[in-house]
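Presented below is the structure to which this report refers.
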Amino acid sequence: MSVASSYTDFHVDFGGTSVWLHVIKGEKVFFIIPPTPENLRKHERHLKNEDDKGFFGKSVDVCARVVLRVGDTFILPSVDLHLEERGQLEND
């Protein structure tokens, strides 16, 4: 379950876990960045720079946008940098 109109900034899920989800209600948007050594270095610098408030996805070569809607199932591989946006409530 996710809260409507919320998001998480770019991150890698803890413990190197892969994630799967299924949208029951509403939608979820992911921005996904390949975990290349260069992208991981850029992300670390981005996290350490408190003055950098820009969208991290603009600082890399590839940042894919994936929109999930009702009925979609999605598997996110471990160590992929990703940002999650939540539209409406996904579950009641």
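Using UniProt numbering, the first residue of the sequence shown is number 1, and each one after it goes up by one. For each residue, glycine too, the CB sits at the ideal point set by N, CA and C. As the structure is a computational prediction, the values presented were derived from the model and not from experiment.
- F10 sits in a strand when the DSSP states are folded into three classes.
- Annotation for E27: no alpha helix (DSSP H) segment contains it, though the beta strand (DSSP E) segment containing it runs 27-33.
- Contact between the segment 15-23 and the segment 38-55 is absent, with fewer than three C-beta pairs closer than 8 Å.
- The beta carbon of R69 sits closer than 8 Å to the beta carbons of V23, E27 from its chain, once the five residues preceding and following it are set aside; these are given in chain order.
- Taking a cut-off of 8 Å for Cβ pairs, the segment 44-51 and the segment 70-82 do not touch, as fewer than three such pairs fall below it.
- Here R86 really is in contact with S6; their C-beta atoms are around 5 Å apart, less than 8 Å.
- With a cutoff of 8 Å on beta-carbon distance, F56 and F14 are scored as not near each other.
- Judged by beta-carbon spacing, L83 lies within the 8 Å limit of F30, meaning their Cβ atoms are closer than that value.
- The residue among T8, K25, V12 with its C-alpha nearest the C-alpha of G71 is K25.
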